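Just so you know, the sequence shown maps onto residues 1081 to 1760 in this note's numbering.
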Amino acid sequence: MLPERLNALDALANNLWWSWDPEATRLWHDIDPLRFRVYHHNPVALLHDVEASRWEELAADPGFLDRLDGIHRRFRAYLAASAWGSDHAQGLMKHGVGYISMEFGLHVSLRLYSGGLGVLAGDHLRSASDLGIPLVGFSLLYRHGYFRQVIDDGRQLAAYPASNFERLPVKPCLGADGAIVEIEVPNGDRRVIARVWQLDVGRCRLLLLDTEVDANHPDDRCLTHHLYGGDEKLRIRQEVLLGFGAVATARALGLDIGVWHLNEGHCAFAPIALVGERTREGETFEDACAKVRQHCVFTTHTPVPAGHDRFHEDLVRAVLGDWCDEAGLDCGDVVDLGRVSPGDQAETLCVTVVALRLAAASNGVSELHGHVSREMWTALWPERAAAEVPIGHVTNGVHAPYWTAPEMQALFDEWLPGWRVRPWDPEVWARIEEVPDEALWDVRNRLRLRLVQLIGTRGHRSFDPNALTIGFARRFAPYKRGNLVFRDPMRLKRLLEDHDAQLVFSGKAHPRDEAGKEIVAEVVRVSETFDFRERVVLLTDYDMYVGRVVTSGADVWLNNPRRPHEASGTSGQKVVLNGGLNLSVLDGWWPEGFDGTNGWAIGDGQEWQDEPAQDVFDAESLYTTLEQQVVREWEDRDASGLPHTWLKRVRRSIGTCAPKFTSDRMVRDYVLSMYLPHAR
């Protein structure tokens, strides 16, 4: 039990607002630095385990109490304050937004994410909270989540430790009668029961479904064990749980959702559930689809056909056949929603096609991805040219307060007033030109030192805190070409040694992606050779904490996917906010960000059919740019050691990219172009 004087700690621990407030984070750290680190920066676990004597000590510490009271006052003021949405999103205030995603990346202790889709969803929630948008998230509460990465004899292995929900900032969702809310979804000839949990994210909340319920069949209890695990039979049942469960949860809690935002095809069963509600009331299938379509919007995040789930008709019938009968639906009509050619019995149900058909508006996540998506799905609109296919774009962004390191936040607070509340405003960021070189360079040195210290503890290597540090941290999918920089090992060796540079890698390959796991193994092999041991490292078990340290500490961010396979990518946007520079293929968000003076491009933006030739061309461009531009600017110092030309490029990067690529700008775009036009 906490002393009464410290009760505010409980409120702070159970709302993730603290995670993007540096003072609140420092408060938790100072309670018990070792435990805070070991517990993955989880304050709820601290509340469980810190000794009573320590709480009594803190309750008698005037300095600690002053800090706690000040932080708690700011937290309450944040929750009560009006924000941008009050003036610009009145049409959403009565009927809010339902945001559905298979994953959410909100904190390192909550293993509900695997990568970019989830981290983006987390930033969307944080920015919706900051902007005062009445948005509710819907997802699954995974007991084992995505895997923990273990490297054994150079090979990636997967571990799945269980989460203890009592030690996380989630709580059972209670109904008006005070009972824990449970909902049901169809699964063939039986129903699956899911318990609803709530996670508070500032002003917003995330509702999470858990099927580890005694009344469930053993096969159904495992539905919320793993993220992206199992075969297609498990995947369709998980996706039905997500979509049907989101709708059922909203109904159980009396939430009147005005517009549903479907993220990726995983969510496509939500509008199917909404159609079924209407046909039960006697509407025709066609009328029900038309009415549901008016209030659903869809974002596709995948630029390659293989990334879109497909299910055979027999499997759809096995899971939803009984439900279709109850809803007065022909299951064949439901399957046809997911066919490019309705009635073609040889074609499977593609969930992305369902979502495109049942959405009033659809978008990709960068300008280039919008173009790629229109080309990919042109068969759905055969009467239109590809340029006229109704798929637009809203370019992804990142939550500036969460991803900007505390030291850089302090610099922005001093020199860029307004960056927290108007991060989309170019005039705010233009003031970066007024920041002295000495102040900016001091912050960069401190952030690089923190990364080097993490390399020492996690990577067991002694790296140089003053060396040019090149970062690469993301999913090790083959198209991202994490090993491209190793194409000419001797040239890379000369570059790193002659110019005192070092390479930091981190990331996971999907457990079933053998090609991706081989790239991980190659990075490990290279990092353990005599030539590279002191210059190349892989930080294992990549997570959001490692992501924050690496994106803030890297001087150069390496990104070399096969264009146009990167839908957006956001790690480079985080690097911008921390004064790092991007060295990237012109794919994803970078064609919109790069202007020739604010980073560097790999290649010339062309798209290749010949992948080996593309690798040769891009590798040559990468090496040449590093040798002739990057290291020359890095080494151009004045007598005091300041790299003025480098810092000029850093300022240009922040001034041009920061206002364009924050999630506050992104959420504003969604509100104005997607939510308000299609809300009830």
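Note that CB positions come from ideal geometry on N, CA and C, so glycine has one too. Quantities reported herein were computed from a predicted structural model and do not represent experimental measurements.
Of all alpha-carbon atoms in SER1632, SER1162, ASP1257, LEU1082, the one lying nearest the alpha-carbon of ARG1134 is that of LEU1082. By the neighbour-count definition (other C-beta atoms within 10 Å, threshold 16), GLN1689 is an exposed residue.
Taking the C-beta atoms as reference points, LEU1220 is found no nearer than 8 Å to TRP1483. The C-beta of ALA1104 has 16 or more other C-beta atoms within 10 Å across all chains shown, which makes the residue buried. Counting only residues of its own chain and dropping the five nearest sequence neighbours on each side, GLY1477 has a CB closer than 6 Å to the CB of PHE1741, THR1742, SER1743, ARG1745, MET1746. Pairing GLY1325 with ALA1435 gives a Cβ-Cβ distance that is not under 8 Å. Shown here, LYS1251 sits in a strand according to DSSP, grouped into three states.
Relative to GLN1229, the option among ASP1112, TRP1680, TYR1622 whose CA is nearest is TYR1622. Residue environment analysis places GLY1362 among the exposed positions, since fewer than 16 neighbouring C-beta atoms fall within 10 angstroms of its C-beta. Contact between the segment 1606 to 1623 and the segment 1633 to 1646 is absent: fewer than 3 CB-CB pairs across the two stretches fall below 8 Å. As summarised for the segment 1294 to 1339, the continuous alpha helix (DSSP H) elements at least 4 residues long and confined to that stretch are 1298 to 1301, 1312 to 1332, given in chain order. By the neighbour-count criterion, in which 16 or more other beta carbons inside 10 Å mark a residue as buried, HIS1724 falls on the exposed side.
With at least 16 other beta carbons inside 10 angstroms of its own, GLN1653 counts as buried.
Here GLU1262 is bridged, per DSSP, to ARG1275. Between PRO1641 and GLU1687, the C-beta spacing is not below 8 Å. As the crow flies, the alpha-carbon of ASP1233 is around 9 Å from that of ALA1601.
Under DSSP, PHE1552 shares a beta bridge with PHE1585. The bridge partners DSSP lists for ILE1471 are SER1442. THR1475 sits close to SER1648, with the two beta carbons spaced by under 8 Å. DSSP, reduced to helix, strand and coil, places ILE1151 within a helical segment of the structure shown. Per DSSP, ALA1634 lies in no beta strand (DSSP E) and is assigned neither H nor E. Setting aside the 5 residues that flank it on each side, THR1650 is surrounded in the same chain by ASN1476, VAL1478, each with a C-beta closer than 6 Å to its C-beta; the list follows chain order. With fewer than three CB-CB distances shorter than 8 Å, the segment 1237 to 1253 does not count as touching the segment 1167 to 1180. Contact between the segment 1399 to 1413 and the segment 1251 to 1269 is present: three or more C-beta pairs spanning the two stretches fall below 8 Å. Under the three-state reduction of DSSP, ALA1132 is assigned to helix. In the structure shown, VAL1665 falls within a strand segment according to DSSP collapsed to helix, strand and coil. For ILE1682, the enclosing beta strand (DSSP E) covers residues 1680 to 1682. Taking a 10 Å sphere around the C-beta of GLY1536, we find fewer than 16 other C-beta atoms and assign the residue as exposed.
In the three-state scheme derived from DSSP, where H, G and I count as helix and E and B as strand, ARG1419 is classed as coil. DSSP, reduced to helix, strand and coil, places GLY1176 within a strand of the structure shown. The C-beta separation of MET1754 from ALA1441 comes to about 5 Å, placing the pair in contact by the 8 Å criterion. Across the set GLY1539, ILE1550, VAL1603, the C-alpha of VAL1603 shows the shortest separation from the C-alpha of PRO1569. The Cβ-Cβ distance between TYR1179 and VAL1130 does not fall below 8 Å. Secondary structure of VAL1501 (DSSP, three-state): coil. Under the three-state reduction of DSSP output, GLY1225 falls in the strand class. In the structure shown, HIS1341 adopts extended strand secondary structure according to DSSP, grouped into three states.
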